[in-house]
Amino acid sequence: MSPFANNHALSGDRQPYRSINITGDYRLIYEQYDEDTVRLIDIDTHSNLY
Numbered sequence: 005m006s007p008f009a010n011n012h013a014l015s016g017d018r019q020p021y022r023s024i025n026i027t028g029d030y031r032l033i034y035e036q037y038d039e040d041t042v043r044l045i046d047i048d049t050h051s052n053l054y
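Quick note, the sequence shown lines up with residues 5 to 54 if you use this note's numbering.
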């Protein structure tokens, strides 16, 4: 994955999830079960998600 995607773990009540940057302001939140399996949680702008 590109380092520009800023793939990182979330904290607090979103602790089991991770986030990546899709575009400048859009984020994808997901949960990774194993190397090949993820569950998409939400896609929206940063301000709408956090």
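Ideal Cβ placement from N, Cα and C applies to all residues, glycine included.
Here the structure is a predicted model, which is why all the values come from computation and not from measurement.
Inspect the beta-carbon positions of residue i and residue j and report whether they are closer than 8 Å.
i, j, result
"ILE1", "TYR34", "This structure leaves residue 1 out entirely; the chain is present only between 5 and 54."
"ASP29", "HIS50", "yes"
Return the Cβ separation of residue i and residue j in integer angstroms, given the expectation that the two are a contact with Cβ distance under 8 Å.
i, j, result
"ARG43", "TYR37", "7 Å"
"ILE24", "ALA9", "4 Å"
If you follow the alpha helix (DSSP H) that residue i is part of, which residue opens it and which one closes it?
i, result
"SER6", "No alpha helix (DSSP H) contains SER6, which DSSP labels as neither H nor E."
"SER51", "50–53"
Quick check on the DSSP output: the beta strand (DSSP E) that includes residue i runs from which residue to which?
i, result
"ASP29", "Run containing ASP29: none; DSSP gives neither H nor E here."
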